[in-house]
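Residue numbers (this note's numbering), protein chains in the order written: chain H, 1 to 559; chain Z, 1 to 358.
See below for the structure under consideration.
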Amino acid sequence: MSVTRKSALLLTLPVFGLLLWLVLYPNLFVLWKSLVSDDRFTLAHYAAFFSSPSQVEALGNSLFISLGSVLLSALIGVPLAFLFHRFDFPGRRIFAALASLPVLLPPLVGVIAFLFLYGESGILTRGLQMLLGLSEPPFSLRGIPAILWVHAYTMYVYFYLFVSAALKRLDESLREASLSLGASRTRTFLRVTLPVLTPAMVGAALLTFMTSMASFSAPYIFGGGVRVLSLQIYNSKLNGDLEMALVETVVLTLVSLLFLVLLQRYEATGRYRSVGKGASPSLRPLRGKGLRLAMAVVGIAAVFFLLLPHLTLVLISFSQDGAWTTQILPPRYTAANYGRLLADDSFLEPILNSLKMATLATAANLAFALAGGWLLIQGKLRGRRLLSALTLLPWALPGTVVALNLATTFSVSDPLQARVLLVGTFWILPLAYFIRNIPLVVRAVQAGFEQLDPNLHWAARSLGASWFYSLRRILLPLLLPAAAAGSMLAFVTALGEFVSSIVIYTVDSRPISVEILSQLRQFNFGSAAAYGVLLILMIAAVFLLFGRYLDERHRPAGQ
Amino acid sequence: MAHLELHGLTRRFEELTALDRLSLEVAPGEILTLLGPSGCGKTTAIRLIAGFLKPTAGRILVNGRDIGPIPPEKRNMGMVFQSYALFPHLNVFENVAFGLRARGIAGRAARSKVERALDLVELAPHRNRPVFELSGGEQQRVAVARAVAIEPQILLLDEPLSNLDASLREQTRAQLDRLIRTLGITAIFVTHDQEEAFALSDRIALLWEGALQQVGAADQLYFQPANERVARFVGKSNLWEVTFREYSRDRGIFSLPSGALLRLPRAAGDGELRRGVRRRMLLRPENVTFVPADDSLALGPARVLSRRFAGAGTEYLLEGGGLRVLASRTNSPAAAGYRVGDEVELYCSSRAVYVLPG
Numbered sequence: 001m002s003v004t005r006k007s008a009l010l011l012t013l014p015v016f017g018l019l020l021w022l023v024l025y026p027n028l029f030v031l032w033k034s035l036v037s038d039d040r041f042t043l044a045h046y047a048a049f050f051s052s053p054s055q056v057e058a059l060g061n062s063l064f065i066s067l068g069s070v071l072l073s074a075l076i077g078v079p080l081a082f083l084f085h086r087f088d089f090p091g092r093r094i095f096a097a098l099a100s101l102p103v104l105l106p107p108l109v110g111v112i113a114f115l116f117l118y119g120e121s122g123i124l125t126r127g128l129q130m131l132l133g134l135s136e137p138p139f140s141l142r143g144i145p146a147i148l149w150v151h152a153y154t155m156y157v158y159f160y161l162f163v164s165a166a167l168k169r170l171d172e173s174l175r176e177a178s179l180s181l182g183a184s185r186t187r188t189f190l191r192v193t194l195p196v197l198t199p200a201m202v203g204a205a206l207l208t209f210m211t212s213m214a215s216f217s218a219p220y221i222f223g224g225g226v227r228v229l230s231l232q233i234y235n236s237k238l239n240g241d242l243e244m245a246l247v248e249t250v251v252l253t254l255v256s257l258l259f260l261v262l263l264q265r266y267e268a269t270g271r272y273r274s275v276g277k278g279a280s281p282s283l284r285p286l287r288g289k290g291l292r293l294a295m296a297v298v299g300i301a302a303v304f305f306l307l308l309p310h311l312t313l314v315l316i317s318f319s320q321d322g323a324w325t326t327q328i329l330p331p332r333y334t335a336a337n338y339g340r341l342l343a344d345d346s347f348l349e350p351i352l353n354s355l356k357m358a359t360l361a362t363a364a365n366l367a368f369a370l371a372g373g374w375l376l377i378q379g380k381l382r383g384r385r386l387l388s389a390l391t392l393l394p395w396a397l398p399g400t401v402v403a404l405n406l407a408t409t410f411s412v413s414d415p416l417q418a419r420v421l422l423v424g425t426f427w428i429l430p431l432a433y434f435i436r437n438i439p440l441v442v443r444a445v446q447a448g449f450e451q452l453d454p455n456l457h458w459a460a461r462s463l464g465a466s467w468f469y470s471l472r473r474i475l476l477p478l479l480l481p482a483a484a485a486g487s488m489l490a491f492v493t494a495l496g497e498f499v500s501s502i503v504i505y506t507v508d509s510r511p512i513s514v515e516i517l518s519q520l521r522q523f524n525f526g527s528a529a530a531y532g533v534l535l536i537l538m539i540a541a542v543f544l545l546f547g548r549y550l551d552e553r554h555r556p557a558g559q
Numbered sequence: 001m002a003h004l005e006l007h008g009l010t011r012r013f014e015e016l017t018a019l020d021r022l023s024l025e026v027a028p029g030e031i032l033t034l035l036g037p038s039g040c041g042k043t044t045a046i047r048l049i050a051g052f053l054k055p056t057a058g059r060i061l062v063n064g065r066d067i068g069p070i071p072p073e074k075r076n077m078g079m080v081f082q083s084y085a086l087f088p089h090l091n092v093f094e095n096v097a098f099g100l101r102a103r104g105i106a107g108r109a110a111r112s113k114v115e116r117a118l119d120l121v122e123l124a125p126h127r128n129r130p131v132f133e134l135s136g137g138e139q140q141r142v143a144v145a146r147a148v149a150i151e152p153q154i155l156l157l158d159e160p161l162s163n164l165d166a167s168l169r170e171q172t173r174a175q176l177d178r179l180i181r182t183l184g185i186t187a188i189f190v191t192h193d194q195e196e197a198f199a200l201s202d203r204i205a206l207l208w209e210g211a212l213q214q215v216g217a218a219d220q221l222y223f224q225p226a227n228e229r230v231a232r233f234v235g236k237s238n239l240w241e242v243t244f245r246e247y248s249r250d251r252g253i254f255s256l257p258s259g260a261l262l263r264l265p266r267a268a269g270d271g272e273l274r275r276g277v278r279r280r281m282l283l284r285p286e287n288v289t290f291v292p293a294d295d296s297l298a299l300g301p302a303r304v305l306s307r308r309f310a311g312a313g314t315e316y317l318l319e320g321g322g323l324r325v326l327a328s329r330t331n332s333p334a335a336a337g338y339r340v341g342d343e344v345e346l347y348c349s350s351r352a353v354y355v356l357p358g
C-alpha cells in the first residue's frame, strides 16, 4: 500500500496535530508551569520539592516499591512460566491459562478484593485469628508490605506471560545443539536457555517497574498513609498546592519516560531473535505418580489462591449492605445488590455515565488508530519514528499524570495558548480515557495492518475494485479482528478507569470506579463488590471473545 | 499492431534505478517472459504495467493507447501474485467472483463466469471452501482463476510458480501453459527461473540491474546471447577469450590462448573484424565432444579434474591448453564414462561455437 503524497498528508496533519495538542502539549505546559512563578523562570518549586523530607521520602518509597515489585513479580512469574511451559502434568493447560487471572481485575477492584480478603478485618485475617484463637489479628497487612503484596499478585503476570511466550518460541534445537556439543544440562540452562530468555525478562522488569511507579489504587486504599509519588500528586492537588503537584508530576513523568526509553531501546536491539525456523520445544512429562500428584496439588492450591480475590468479590457482592461487621464472613446474603444496580437510578447512573464516556473515548480511539496505524506502516513516511514515539507516550504516563496534565492545561479557554476549558465539564474524562488508550488501540490496529499482505489491496485494485471498494471489502474486514480486540479492551479499560477519574471527575458524570469508592466509604460493601463483579465479567468477556488477537502487552495495567 | 508497448519505461526509487528505459513490444496472444535474477527490475516492470507504480519516465501503450493516467482498477489486467494474495476472509467462489462484483456484475452472469473460470483450473468441486484450507497448488489455481475470470486483456503473472514444491511446479506450469494458450490471452510472465521461462514463453526478455539485455526466443538467448551476462545467466557455458587472425574464404580464423586455431563459419551479418581483435566465444558444455566428427574442431588434449553424475548426463570439468573446460555427456549403462585423471582429446562442431558481439 504505497501512499500518494496527498492522502498521506491528509491523514498526517490531523494525526500529528491531535498527538501534539493532546499528548505532548499538556506535558510541556505542566513542565513550563512548574518552572515559572509570576511569569518568571524559577527553580524554586523544585528546590521546595527536594528540600521537603516528605517529598523525598515519597520518591524514595516509589522507587523502593517499584524495585521490590519487580523482584517479587519475577520470583513468582518466572518459575510459574517454567513450570507450565516446560513440564507436562495433569491439568497443565488449565493452570497455564488460569495463571493470568489477575489480569481480569481492574485496578481499583483488585485492591478492594484484597482489602476484603487480607485487610485487618478481612475474611482470611479474621478466619486465621479465629482458627488460632488469637485476640489480635495474626498479621496486619498495611503500608509498604501491603502494597508490595498487591503488586506482586497483579504484576507477576507480566513476567509469567512474557517468559511463557519466550519459552513457547524457544528453539529447541538450540538446547539440543548445546547438549550435542558436550555441555551439561546445567551449563546449557545457564549459558543457552537463560540468555535467550533475557529479553523477555528485561521487558517484563521494565514494564513492572513502570506500572509500579504509576500505581495509585494500592497505596491509596491499602497504603495506610505511606507516601508515594503518584498519590502525592493527588493529595497536593486536593490540598490546593498546585505548584507542588506540578513538580511531582514532572518528576514522575521523567522517571516513567526514562523507563519507556529503556524499554524501547532494549526492544530495538532485537537481540536473540531466533535465526532459523527451528523446532518448538516439547514439554517434558513429569514421571512418577507422587511427583505428578504433587504438581497437581500445588497447581490446584495456586489456582485457588489466584482465584480467591475474584471469589471474595463475588461472595461480598451478594452480602447485605451494612450487615457485615465483625464476623468472618458476611452473615446475610441477597441478590438485591445486583437488582439495585439496574433498577435504582442513583446506582444505574454511574454505569450509564461510564458506558457513555467509554463509548465516546473508544470510538475516538478506533478512528484515530485506523489513521495512525495506517500511517505507521508506511515505511517511507517522514516522521514515522516521532509518530510512533508520540503514540506510545501515554503508555508511560501514569494516570494521575494524565489527569493533572489535563486539569492544568484545560482549566481555562485561551485560544492563543491552545487551551480549552474542559475542567468541570463532561468532556474531560472521555478525553483522559482516549489519551490513556491511544497506545493500546494504535498498537493493535498497527499489528493488524502489518499482518495484511499489501498485495491484497493491489489484487483487489487490479480486479477492478476502486481504492474505496478495496478498503471496504478487503482491508477493513481483515482488520476487524485486531481493531475490535484493541477497541474492546480499550472500552472495558475505560469502563473501569479509576486513576485519572478520581483526580478530575465531575459529580454529574461520576464513573463506576468513583462510585465504588463512595459505596465503600459508606460501608456498602455489597454494592461496591457488585459493581466490581460487573466490571470483571465485562473484561472476562472481552478476553474470551478477543483474547487470541491480543498480545501479552495489551493487558490492563496500572494498579 | 503490438498489443502492449513499453517505451523507455523507467522507475527510480530515490537513489536506485529499478528499471532503466525498458522498451518492448508484445504481440496479441504472445507470452513474453521477463527473466532475470532478483532485483533486476522484472517485478517493478510488471507492477508498472499493472498500474501499482507510477513510472518515473516512459510510456505504456495498450492497443496504441497510452494507459499512464488509467488507475489499476480500470486497466483490466489480471494479475497473479507470487504470494497469490487470496482474500483470506472469502471462500474460493467469492475470491473468483470478487472482480466481477467489483464491476457490478452479479447474479447468473457472474455465476456462470466464475464457474467457467473454476472449471478451467479444475477447482469447481472446491468452490465453497475457505481458501486457507487449500493446498499451495490449489491456492495458486484459485489465484489464476480469479485473474482470468474478469476476462482481462492482458494477464500478468509475477513468479506464480515459485511458492510451489519442485515436484508440483512442472505439472502446474504445464497446466498454466495450456490454460493461457486455450484462452489465447496476451501474458507477461515474471520469473527468475530460466527453465520456466524456456518452457512457458514465446519470447524472453532478459533484464539485469534494471536494463534490458536481450529479447528473443529461448534458443536465441541460449545459443546467441547478446553479451557475456546473458551467456552466463542462461545455462552453463564455456566462455573463452579468442583472438581474430584472418578470414579464409567463408571462414574466420580465431586462436585460443593455447595457440590452437579455430576455423569458424562466417555468419551472415557479421561485421568485418580487424586482425588482433579479442572476443569472447561461447561453447555450451553439451556441445563439447570426446570424439571427432564431420566439420569438428580439435580443441586439444585435456585432463579430467572432476566429474559429477547428474542422471541423464555426467558433467566433467577438464583442463587443457591453459583452459578450463566444462563438458557434459549423455549417460548410458553401457558406457562407463571417464575418470578423474583421464587424458582425453576434446572436439566441438564448428557450428556450435558462437563468437559474442564486441
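All C-beta atoms, glycine included, are put in the ideal place defined by N, C-alpha and C.
In this text, all values refer to a predicted model and were calculated from it rather than measured experimentally.
Asked	Found
Does any residue of chain Z bring its CB to less than 7 Å from the CB of L463 (chain H)?	yes
How about R12 (chain Z) and T56 (chain Z): do their beta carbons lie closer than 7 Å?	yes
Taking 7 Å as the threshold (C-beta atoms), are V441 (chain H) and G486 (chain H) in contact?	yes
Under three-state DSSP, which class holds Q153 (chain Z)?	coil
Give the straight-line distance between the Cα atoms of V293 (chain H) and T409 (chain H), rounded to the nearest whole angstrom.	It should be noted that the sequence gives Leu, not Val, for residue 293 (chain H). Approximately 60 Å between the Cα atoms of the pair.
Which residue comes first and which comes last in the alpha helix (DSSP H) that contains N27 (chain H)?	Y25 to S34
For S140 (chain H), which residues in the same chain have their Cβ closer than 7 Å to its Cβ, ignoring the five residues on either side in sequence?	E120
Which residues in the same chain as R275 (chain Z) place their Cβ atom closer than 8 Å to its Cβ, once the five residues preceding and following it in sequence are excluded?	F244, R245 and E246
Going by DSSP in three states, T425 (chain H) sits in which element: helix, strand or coil?	coil
Do you know offhand how far N91 (chain Z)'s Cα is from F81 (chain Z)'s?	18 Å
With DSSP run on the structure shown, which of helix, strand or coil describes E241 (chain Z)?	strand
Does the beta carbon of D241 (chain H) sit closer than 7 Å to a beta carbon anywhere in chain Z?	no
Would V131 (chain Z) and L161 (chain Z) qualify as a contact pair, given that the criterion is a beta-carbon distance under 7 Å?	no
In this structure, does DSSP put A302 (chain Z) in helix, strand or coil?	strand
Whose CA, out of Z:L239, Z:T289, Z:R263 and Z:W208, lies closest to the CA of A18 (chain Z)?	Z:W208
How about I474 (chain H): is its C-beta nearer than 7 Å to some C-beta of chain Z?	yes
By DSSP, does H3 (chain Z) sit in helix, in strand, or in coil?	coil
Kindly list the residues whose CB is nearer than 6 Å to the CB of A587 (chain H), restricted to its own chain and excluding five residues on each side of it in sequence; keep chain order.	No information on residue 587 (chain H) is available, as it lies outside the stretch 1 to 559 that chain H covers here.
DSSP has N91 (chain Z) in a bridge; who is on the other side?	Z:P130
Around the C-beta of M130 (chain H), are 16 or more other C-beta atoms found within 10 angstroms, so that it is buried, or is it exposed?	exposed
Return helix, strand or coil for T334 (chain H), following the three-state DSSP convention.	coil
Apart from the five residues on each side of it in sequence, which residues of its chain come closer than 6 Å, Cβ to Cβ, to V228 (chain H)?	A58, N61, S62 and P219
Measuring straight from C-alpha to C-alpha, what distance separates P330 (chain H) and A494 (chain H)?	31 Å
For S562 (chain H), which of helix, strand or coil comes out of DSSP?	The structure shown has nothing for residue 562 (chain H), since chain H only spans 1 to 559.
How many angstroms separate the CA atom of A484 (chain H) from the CA atom of E25 (chain Z)?	49 Å
Taking the beta strand (DSSP E) that A218 (chain H) falls in, what are its first and last residues?	That residue, A218 (chain H), is in no beta strand (DSSP E); it is neither H nor E in DSSP.
Who are the near neighbours of L124 (chain H) in its chain, counting only those whose CB is closer than 6 Å to its CB and skipping five residues on each side?	L117 and Y118
Looking at chain Z, is there any beta carbon in it that lies within less than 7 Å of the beta carbon of P481 (chain H)?	no
Do you know how far the Cα of A267 (chain Z) is from the Cα of A187 (chain Z)?	33 Å
Give a yes or no on whether the C-beta atoms belonging to A407 (chain H) and I504 (chain H) are separated by under 7 Å.	yes
Do V314 (chain H) and V533 (chain H) have their CB atoms nearer than 7 Å?	yes
Consult DSSP for P145 (chain H) and reduce its assignment to one of helix, strand or coil.	helix
Counting only the same chain and skipping the five closest in sequence on each side, list residues whose C-beta sits under 7 Å from that of G399 (chain H).	A214, F216, R436, V499, S500 and G558
For R329 (chain Z), decide whether its Cβ has a neighbour in chain H, counting only Cβ atoms nearer than 7 Å.	no
Going by beta carbon distance, what residues of the same chain come within less than 8 Å of E138 (chain Z), once the five residues before and after it are set aside?	L123 and H126
Less than 8 Å between the CB atoms is what I'm expecting for R86 (chain H) and L167 (chain H), so what's the real figure, rounded?	7 Å
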